[in-house]
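Engineer: Reading the sequence shown from the start, the letters are residues 1 to 75 in full-length UniProt numbering. Glycine residues also receive a C-beta, built at the ideal position from the N, C-alpha and C atoms. Just so we're clear, the structure is a prediction, and the values are computed from it rather than from any experiment.
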Amino acid sequence: MLFCQECNTEFHLFLRRHHCRQCGFSFCAEHSGLRIALPSQGYKDPVRVCDDCFEYVNNSNEQLTFVCEDEVLEP
Numbered sequence: 001m002l003f004c005q006e007c008n009t010e011f012h013l014f015l016r017r018h019h020c021r022q023c024g025f026s027f028c029a030e031h032s033g034l035r036i037a038l039p040s041q042g043y044k045d046p047v048r049v050c051d052d053c054f055e056y057v058n059n060s061n062e063q064l065t066f067v068c069e070d071e072v073l074e075p
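#1: From the DSSP output, read off the bridge partner residues of F3.
#2: Determine the DSSP secondary structure at S26, reduced to helix, strand or coil.
#3: Return the first residue and the last residue of the beta strand (DSSP E) that L38 is part of.
#4: Just tell me which of D52, Y56, L13 and F27 has its CA closest to the CA of C7.
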């Protein structure tokens, strides 16, 4: 891919592309500067992800934590 998936900026010598480890698309640094662990993909340490995937994974983790907390609190 020659363009950022988010802003369509063209990659060149001074604007590198970065791959989101969750979705696999290419993004500029501005849209892929966040990092999060993806244990389901084999990444225990935080890795680069795009903004959308960060939000999706982070929200999924919050919901999972909420469900686990509810189960722990039940007698």
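Structural biologist: Checking against the coordinates, here is how it stands:
#1: The partner list for F3 (beta bridge, DSSP) reads E10.
#2: The answer is strand: DSSP assigns S26 an E or B state.
#3: It spans L34 to L38 - the beta strand (DSSP E) in which L38 sits, taken as one unbroken run.
#4: The closest CA to that of C7, considering only D52, Y56, L13 and F27, is found on F27.
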